[in-house]
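Numbering-wise (full-length UniProt numbering), the sequence shown opens with residue 1 and increments by one.
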Amino acid sequence: MTLPAVPDASASKREWRVWAKRLRNNSPNMSLEVERHLVRWLQERGLRRVLAYRAFGSEVSLNALPLLDPSLVLYTTRANLTPAPHLTVHPWESVRVRPGWNLLEPDADEPETDPSALEAVLVPGLAFDRAGYRLGYGVGFYDRFLPTLPQGCVRVGVTTEALRVDALPSEPHDVPVDFVATEAGVTPVVRP
1 MTLPAVPDAS
11 ASKREWRVWA
21 KRLRNNSPNM
31 SLEVERHLVR
41 WLQERGLRRV
51 LAYRAFGSEV
61 SLNALPLLDP
71 SLVLYTTRAN
81 LTPAPHLTVH
91 PWESVRVRPG
101 WNLLEPDADE
111 PETDPSALEA
121 VLVPGLAFDR
131 AGYRLGYGVG
141 FYDRFLPTLP
151 QGCVRVGVTT
161 EALRVDALPS
171 EPHDVPVDFV
181 ATEAGVTPVV
191 RP
């Protein structure tokens, strides 16, 4: 199968999303390699209280993190659509299969955790660029959530090397990550 060509700089976010989804859906699963790098990186920095997403579709899965390092205190998110799209933080083990969405999320009545306790946030994305900007699904959950994190909380994008690009289209409300984790390791982003 021929992999899709990388869109050019003038391509819309919609075109980038189509490209990234096709590429990710047709790429080998690199989750365990990415998770091993993340665990080592978190341990080296002494980061223990970590928000990790529950993978949807062909996203890099983080489900092995508690097995690779049982000392991590993990949290996850719940996507809420009302009153406006936003994320809430919950204990990692509080998830259930969300009916109709086929994803693991805490129930709506599950107690929330204060995000100020977080030391690191692992951020999903369809693709990431060298400056740390991410291509999400277009709803803005993480663009609203990331600015609410405490100062010093490290933001780490999670993807594969195939989905790291030089530059993505970005808008003023887009919030970049500080590092990007792939099967090759965890690297700092380069701010222009």
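We treat Cβ as the ideally placed atom computed from N, Cα and C, and that holds for glycine.
Going by DSSP, Tyr75 is part of the beta strand (DSSP E) stretching over 73-80. Three or more pairs of CB atoms, one per stretch, sit closer than 8 Å, so the region 125-141 contacts the region 167-186. When secondary structure is reduced to three states using DSSP, Glu105 falls in the strand class. Per the coordinates, the alpha-carbon of Arg36 lies some 9 Å from the alpha-carbon of Ala64.
Here Ala120 is bridged, per DSSP, to Val50, Val154. Listed in chain order, the non-local C-beta contacts of Pro7 below 7 Å within the same chain comprise Glu15, Trp16, Trp19, local neighbours out to five positions each way being set aside. Per DSSP, the beta bridge partners of Gly185 are Thr182. The continuous stretches of alpha helix (DSSP H) do not include Val190, and DSSP gives it neither H nor E. Distance between Lys21 and Ala167, taken at the CA atoms: about 17 Å. The shortest CA-to-CA distance from Tyr133 to any of Ser116, Asn102, Val190, Arg98 is the one to Val190. Counting the other CB atoms within 10 Å of its CB gives Pro124 a total of 16 or more, which places it among the buried residues.
In this structure, the CA atom of Thr182 is about 16 Å from the CA atom of Val154. Residue state for Phe56 is assigned as coil, using DSSP reduced to three classes. Looking from the CA of Asn80, the closest CA among Tyr142, Leu122, Pro70, Leu163 belongs to Tyr142. Distances from the alpha-carbon of Ala108 to those of Pro99, Ser116, Pro115 put Pro99 closest.
Here the alpha carbon of Ser31 sits roughly 26 Å from the alpha carbon of Gly152. Setting aside the 5 residues that flank it on each side, Ala55 is surrounded in the same chain by Ser61, each with a C-beta closer than 6 Å to its C-beta; the list follows chain order. Between Val89 and Glu112, the C-beta gap is smaller than 9 Å, which places the two residues in contact. Partner residues in the beta bridge of Thr88, as assigned by DSSP, are Arg78. The Cβ atoms of Leu68 and Val50 do not sit closer than 9 Å to each other.
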